[in-house]
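These notes are about the structure you will find just below.
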């Protein structure tokens with residue numbers, strides 16, 4: 013889950029950087045288009061200037077023969093005018109060629125910019141698709157983890173309920189054993205008292221009888237209380253052991 017989140021974060025950063033680059037390229041493209049339009053205007057202006065110069069040269073050529081100047085002066089003036097016109101035309105041609113090269117370079121840059129924008133748009137679409145897939149993977153992982161935790165909670169709840177039932181049963185059994193032990197202790201005390209009374213009575217009777225009769229009576233009277241006493245004592249020990257195990 014952490015790796016998926018880191019991947020989504022990395023994709024977000026890459027997408028932001030790509031969008032920033034694309035915005036810059038679009039801005040550069042707009043500037044390039046504006047420069048291209050300006051160059052076109054300059055080329056058109058130079059063409060117009062060249063046409064005007066040619067027209068001016070033609071008009072001057074027609075006007076020179078009728079000016080009334082001497083042939084030598086007229087020829088000199090014509091040569092100077094022709095030279096200036098040629099120089100101006102040469103400069104205009106050079107400027108025109110330079111502008112044509114700039115226009116061609118601008119067209120090439122414009123084509124490269126458009127291709128780069130197309131590649132960036134394709135990259136952005138791919139990154140968005142990867143981001144969507146990564147987010148879907150994160151959602152699935154979270155849902156699976158939630159389901160697993162829910163199952164664990166249900167299992168723990170069952171175990172807790174079972175443990176509570178066992179604790180309740182043990183508490184009930186402990187109370188029963190305490191009640192049973194208390195009853196056995198009371199019986200033991202009662203039997204001890206009865207035994208003491210019987211022994212005391214037997215002793216008194218035996219003292220008033222012949223020795224042989226006292227011995228028989230002592231054996232007969234002591235037999236039953238002693239067996240009951242041992243049996244009750246055994247039950248009490250068993251109850252105490254069960255209490256200790258709990």
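Numbering (my numbering), first residue to last: 13 to 258. Glycine included, C-beta positions come from ideal geometry on N, C-alpha and C.
When the options are compared against residue i, the one with the closest alpha-carbon
{"i": "residue 26", "options": "132, 104 and 49", "result": "132"}
{"i": "residue 63", "options": "179, 101, 183 and 206", "result": "101"}
{"i": "residue 42", "options": "137, 208, 122 and 115", "result": "122"}
{"i": "residue 124", "options": "212, 40 and 29", "result": "40"}
{"i": "residue 28", "options": "137, 115 and 250", "result": "137"}
{"i": "residue 116", "options": "170, 52 and 213", "result": "52"}
Cβ neighbour criterion (16 or more within 10 Å) applied to residue i
{"i": "residue 139", "result": "buried"}
{"i": "residue 228", "result": "Because residue 228 sits at a pLDDT of 46, beneath the cut-off of 50, its placement in the model cannot be relied upon, and the following sentence gives the value as read from the coordinates. Flag for residue 228 reads exposed."}
Worksheet item: Are there three or more Cβ pairs, one per stretch, closer than 8 Å when the stretch 49 to 63 is compared with the stretch 147 to 159?
Response: no
Fill in: Touch test, the stretch 156 to 172 against the stretch 35 to 49, Cβ-Cβ under 8 Å, three pairs minimum
no
Worksheet item: Are at least three pairs of beta-carbons, each pair with one atom in the stretch 29 to 37 and one in the stretch 109 to 123, less than 8 Å apart?
Response: no
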